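Below: one structure, written as structure tokens.
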Amino acid sequence: RIDQFTLRGDMALGDGDLMVVLGHQRLRTFNGFANDATDKLHAVREAGNFAAVRWRKPTAGGGELVLSADYATERFDDHWDYELFPGFAVLADLGGSARRANVELQHTVRVADGLRFVWRAAARTELTRAVPAFHVPRVENDRLQWFAHAEWQPDPAWTVNMGGLLERHDAG
Numbered sequence: 006r007i008d009q010f011t012l013r014g015d016m017a018l019g020d021g022d023l024m025v026v027l028g029h030q031r032l033r034t035f036n037g038f039a040n041d042a043t044d045k046l047h048a049v050r051e052a053g054n055f056a057a058v059r060w061r062k063p064t065a066g067g068g069e070l071v072l073s074a075d076y077a078t079e080r081f082d083d084h085w086d087y088e089l090f091p092g093f094a095v096l097a098d099l100g101g102s103a104r105r106a107n108v109e110l111q112h113t114v115r116v117a118d119g120l121r122f123v124w125r126a127a128a129r130t131e132l133t134r135a136v137p138a139f140h141v142p143r144v145e146n147d148r149l150q151w152f153a154h155a156e157w158q159p160d161p162a163w164t165v166n167m168g169g170l171l172e173r174h175d176a177g
């Protein structure tokens, strides 16, 4: 069974716009086998929530400025009694949780007909708790990015792209 709900709102702000998206998702299913003592039939539940916002404003000469942010959480429950031998079982727990937050700023500039530049700066943080998958209580991941891109179209049949990405990635 899957339950999902998403709400999106868009609002014009003068010559720009604002978009907000909220959502929730829930999944319930069964895993395992009815007559297997080590992998019994059991319920598996997963739930997640997310929120995102994006502000966009056109700039002079056909460019634009975009600021966006999002946040998401997820929870996964998958546990059952794992029977080592008749009459003796231990709890098998494959569950976990995660959260992610991200913020980005992007600017597009049209310098001339057929020539534009785009740059973006972003920061993201992630936290995962899933001992069976990672064998540690928690995994954290932080990332900073800076991206620049140039696009030149000397002729309608030709487009030349050049770009680069700098990234700082801390995992622990």
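Going by the numbering used here, the first residue of the sequence shown is number 6, and it counts up by one from there.
Ideal Cβ positions, reconstructed from N, Cα and C, are used throughout, including at glycine.
Computed from a prediction, not measured in an experiment: that's the story for all the values here.
Open item on the list: Which residues does DSSP list as the beta-bridge partners of Val114?
Closed with: Here the question's residue 114 lines up with position 109 in the sequence shown. Answer by DSSP bridge pairing, in chain order: Phe122.
TODO: Taking His112 as the reference, give the member of Gly101, Trp151, Ala94, Thr78 with the closest Cα.
DONE: Stepping through the sequence shown from its first residue, residue 112 is reached at position 107. The shortest Cα separation from His112 among Gly101, Trp151, Ala94, Thr78 belongs to Trp151.
- [ ] Starting from the C-beta of Arg80, find all residues in its chain whose C-beta is less than 6 Å away, skip the five residues before and the five after it, and write them out in chain order.
- [x] As a working note, residue 80 is residue 75 in the sequence shown. Cβ within range, chain order: Ala52, Ser102.
Task: Extent of the continuous beta strand (DSSP E) run through Lys45 - done: Position 40 of the sequence shown holds residue 45. DSSP places Lys45 outside any beta strand (DSSP E), giving it a letter other than H or E.
Task: For Gly92, three-class secondary structure by DSSP - done: Here residue 92 corresponds to residue number 87 of the sequence shown, with the count starting at 1. If DSSP states are grouped into helix, strand and coil, Gly92 belongs with coil.
Open item on the list: So the candidates are Leu18, Asn40, Gly37, Ala74; which of them puts its Cα closest to the Cα of Leu27?
Closed with: Along the sequence shown, one-based indexing puts residue 27 at 22. It is Ala74 whose Cα lies nearest to the Cα of Leu27.
Task: Val144 in three-state terms, based on DSSP - done: The residue given as residue 144 occupies position 139 in the sequence shown. Secondary structure at Val144: strand, using DSSP grouped into helix, strand and coil.
Task: Distance CB(Asp86)-CB(Gly100) smaller than 8 Å - done: Working through the sequence shown from its first residue, we reach residue 86 at position 81. Working through the sequence shown from its first residue, we reach residue 100 at position 95. Not a contact, by the Cβ cut-off of 8 Å.
Open item on the list: For Gly168, report the span of its beta strand (DSSP E) as first-last.
Closed with: Along the sequence shown, read from residue 1 onward, the residue named residue 168 stands at position 163. That run of the beta strand (DSSP E) goes 163-176.
Open item on the list: Quick test of the definition: if touching needs 3 or more C-beta pairs under 8 Å, does the stretch 142-149 touch the stretch 122-131?
Closed with: Contact holds: three or more Cβ-Cβ distances are below 8 Å.
Task: Whole-number beta carbon distance between Gly168 and Arg115, since they are thought to touch under 8 Å - done: Stepping through the sequence shown from its first residue, residue 115 is reached at position 110. Stepping through the sequence shown from its first residue, residue 168 is reached at position 163. Your pair Arg115 and Gly168 does not check out as a contact, with CB atoms roughly 16 Å apart and the cut at 8 Å.
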